[in-house]
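Just below is one structure, and these are the notes that go with it.
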Amino acid sequence: MGLVAAACFAEIGHQVISIDNDQEKIAMLNRGEVPIHEEFLPELLARHSGKDLTFSTDLPQAVRQSQAVFIAVGTPSTEHGDADLSYVEQVSREVASVIDDYKIVVEKSTVPVFTSNWVRRVMLLDGAGADSFDVASNPEFLREGTAVGDFLYPDRIVVGADTERCASLLRQIYEPLTSGAYYKGKNIIPNTTGAPIPPPIIVTSTKSAELIKHASNAFLATKISFINAVANICEAVGADIKEVCEGIGTDSRIGRRFLNPGIGYGGSCFPKDLKAFSSVARETGYEFRLLQEVMSINAEQRARFLRKVRSALWTLKGKKLAVLGLAFKGGTDDIRESPALEIVKSLLKEGCEIRAYDPAAAERAAEVLPSQGISYSKSAYEAATGADALLILTDWPEFAKLDLPKLKAALTYPIVVDGRNLHDPADMAANGFIYSSVGRADVQALTRPLQKNGKLAAATTGKAE
Ligand SMILES: NC(=O)c1ccc[n+]([C@@H]2O[C@H](COP(=O)([O-])OP(=O)(O)OC[C@H]3O[C@@H](n4cnc5c(N)ncnc54)[C@H](O)[C@@H]3O)[C@@H](O)[C@H]2O)c1
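The sequence shown begins at 44 in our numbering and counts up one residue at a time.
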C-alpha cells in the first residue's frame, strides 16, 4: 500500500521520499525493479523514480525534508486477534526523535480507533514538541490488483484531523484530485474504477476516520459472507445464485458489487481487520457477534468447497488435480491469507498430486507451500494435462476465458470444480464438462458412466449431493 500511495502522490505532483527498513526492497526499487504485481505501478515507477519519487532507508533525513509523514507499515493480527501496532509505534518513535518544525503524521495503515491518541502520546514521550506535530488518520481504501486506479480514482477520500491546520494540509495534498486538476492532465492513468470525478473529500475527527476504515472492511466482508450463505441455500433448494444476485443487487440500496459467491474472502486486510474490529468492540464492552458469524461463514465456505471436490471425485488420495489460482484474488501476486492456499494445503494433506498455475503468484506460493506433491505449470492447459479434475480457486480474468474444448482435451476426466463461478453452467454442459460451482446447480453426467478423456456423450444439469 505504501509503495502505491508513494507512486500516486508523486503522480499528482508531490515530492515523495519512500522509506522502508527492508534494505533489499529499497535496493530493488533503486535498481528500477517492481517488487509487486500491480496494474499501472511499473508505469508510475518508470515515470517518477529518481525524480519526484526517491527510495531510501534513511528515515530521519526523509522526515526532516517533509511536511507530511504517512505511516504505511503493516498492522498484522496478534495471536489474540487484535492489531499488532508495534511497527506503528516503532515508526512513530523514530519520527518523533527528528521532528524539528511543524509536520503532520498521518496514519495510512489500517489501525483501530484510538491509535492516533497512542501515536501522539509516544511521540510526546519521545521528545516531539506538543505544537510541532498533529496526528491524522487518512485510511486507504485501495484494492490489490487495481490499487493505482483506486488511489487516483477513489470513491471518496477520508481525512480524519482534529485541528484545522492539519485538515487544511491534507486537503492541499489531495487537491489535485479533489479539484479535478489531475484528470485534465496529459498521459494520466485511465479511469478503470468508474468512480465519480472529482472525488469527494470527507473530513472527520481522527477517531471517526479510524472507525470508517474498520467499519467499511467489516461491511464488505459481511456482504461476501451474506451472499455465500444465500448461495448455500440456493444449492439446497435448487435456485441459482446468479439470478438471486441480479435480483437483489439491482436494488440501489444494496448494489451489485461484492455479491460474488465463492470460497470466501482472504488477503492481508479483511481477515485481520475483522478480527481487530471485533477485538476493539470487545474492549469497548460491546460483543460484535455479527462479525463472529461473518468470520465463521467465511471459514465454512472453504470446507464446503473441499466437500464439493470430494463429491466430484469420490476419493482424493492419489488424484491428480490441476489448480488454477493461488493468489487471494485475481490481479495480484499477494498470497497472504489466500483461501486458495488453504485449500491446496488441505488437498496435499489428503494425498492429492497438485499441478498449479497462477499468472503471478506461483513463486510466492512455492515459498510457503510444501514442496512434496505439488508442481507449478506455465499455463492453465499445461496444469490440466493429464489431470483427473480442474479446480478454479482465484478469479483471474484469464480463467474465465479458457478455451473449453482445449481444456477438455487436456484433462483425463472433464471435471471442473469452480470456486469462483467464472463459467456458465450451460456452457460447461454444452462442452461436455461435469461442473460444480457455488450456489448453482451442478452439471452432471447422468446418462452413462464416465469414460476417460472426456468421451462423455451427454451432460445434463442437476443437483449434486
Ligand atoms: N494491501 C492493501 O491492499 C491495503 C489496502 C488498504 C490498507 N492497507 C493497510 O496498509 C498497511 C500496510 O499494508 P501492506 O499490505 O502494504 O503491508 P506490507 O507488509 O506489504 O508493507 C509494509 C511495509 O512496511 C515496512 N516496515 C515495517 N516496519 C518498518 C519500519 N520501522 N520502518 C520502515 N518501514 C517499515 C515493511 O518492511 C514493509 O515493506 C496495513 O495496515 C494494511 O491493513 C493495505
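Glycine included, C-beta positions come from ideal geometry on N, C-alpha and C.
Note that this is a predicted model, so its numbers are computed, not measured.
Put simply, the backbone Cα of Trp-439 is about 11 angstroms away from that of Ala-423. Under the criterion of beta carbons closer than 8 angstroms, Leu-302 and Lys-266 qualify as touching, at roughly 7 angstroms.
A direct Cα-Cα distance of roughly 25 angstroms separates Val-59 from Asp-377. According to DSSP, Ala-399 shares a beta bridge with Val-366 and Tyr-419. Just measuring C-alpha positions, the residue of Ile-240, Lys-351 and Lys-392 sitting nearest Ile-435 is Lys-351.
Contact between Ser-152 and Ala-179 is ruled out by a C-beta separation of about 13 angstroms, above the 8 angstroms threshold. In the structure shown, Phe-113 adopts extended strand secondary structure according to DSSP, grouped into three states. In the DSSP annotation of this structure, the continuous segment of the beta strand (DSSP E) that includes Ile-60 starts and ends at 59 to 62. Residue nearest to Gln-110 within the set Gly-223, Leu-212, Asn-275 and Gly-368 is Leu-212 (criterion: CA-CA distance). Uninterrupted alpha helix (DSSP H) stretches at least 4 residues long and entirely within the region 275 to 349 occur at 284 to 292 and 313 to 326, given in chain order. A check of alpha carbon separations from Ala-48 across Gly-192, Ile-417 and Arg-345 identifies Gly-192 as the nearest.
Around the C-beta of Asp-401, 16 or more other C-beta atoms lie within 10 Å, and the residue is accordingly described as buried. Beta-bridge partners of Thr-97 (DSSP): Ile-60. Each residue's CA atom was taken as its position, placing Leu-447 and Ser-339 some 35 angstroms apart. Looking at the backbone, the Cα of Gln-133 and that of Tyr-145 are separated by about 20 angstroms. By the C-beta density criterion, Lys-444 is exposed, having fewer than 16 other C-beta atoms within 10 angstroms. With the rule of 3 Cβ pairs closer than 8 angstroms, the region 247 to 262 counts as touching the region 192 to 208. DSSP places Leu-128 outside any alpha helix (DSSP H), giving it a letter other than H or E. Judged by DSSP secondary structure, Asp-470 falls outside any beta strand (DSSP E) and instead within the alpha helix (DSSP H) spanning 468 to 473.
Contact between Val-387 and Val-366 is confirmed by a C-beta separation of about 6 angstroms, below the 8 angstroms threshold.
According to the DSSP assignment, Phe-184 belongs to no alpha helix (DSSP H), since it is labelled neither H nor E. Look at Phe-371 here: in three-state DSSP terms it is coil, with no helix or strand label. The C-beta of Ala-210 has 16 or more other C-beta atoms within 10 Å across all chains shown, which makes the residue buried.
A contact between stretches requires three or more CB pairs, one per stretch, nearer than 8 angstroms, and the region 318 to 338 meets this requirement with the region 115 to 126. These are the residues, in chain order, with a beta carbon less than 6 angstroms from any non-hydrogen atom of ligand 1: Met-44, Gly-45, Ile-62, Asp-63, Asn-64, Asp-65, Lys-68, Ala-115, Val-116, Gly-117, Thr-118, Tyr-130, Gln-133, Val-134, Ser-152, Thr-153, Glu-183, Leu-185, Glu-187, Ser-311 and Cys-312. Separation of Asn-271 and Val-156 (C-alpha to C-alpha, rounded to the nearest whole angstrom) is 29 angstroms. When C-alpha distances from Asn-181 are compared across Glu-286, Thr-189, Ala-171 and Phe-194, the shortest belongs to Phe-194.
With fewer than 16 other CB atoms across the displayed protein chains lying within 10 angstroms of its CB, Glu-406 is exposed.
Unbroken beta strand (DSSP E) stretches of 3 residues or longer found wholly inside the region 224 to 272: 244 to 247, given in chain order. Assignment of Ala-204 by DSSP, reduced to helix, strand and coil, places it in the coil class. The DSSP-derived three-state label of Glu-150 is strand. For Gln-104, the three-state secondary structure derived from DSSP is helix. Judged by DSSP secondary structure, Ser-389 falls within the alpha helix (DSSP H) whose first and last residues are 382 to 392. In the structure shown, Val-411 adopts helical secondary structure according to DSSP, grouped into three states.
Taking the Cβ atoms as the reference, Phe-371 lies roughly 12 angstroms from Gly-462, outside the contact range of under 8 angstroms. Judged by DSSP in its simplified three-state form, Ile-55 adopts coil rather than helix or strand.
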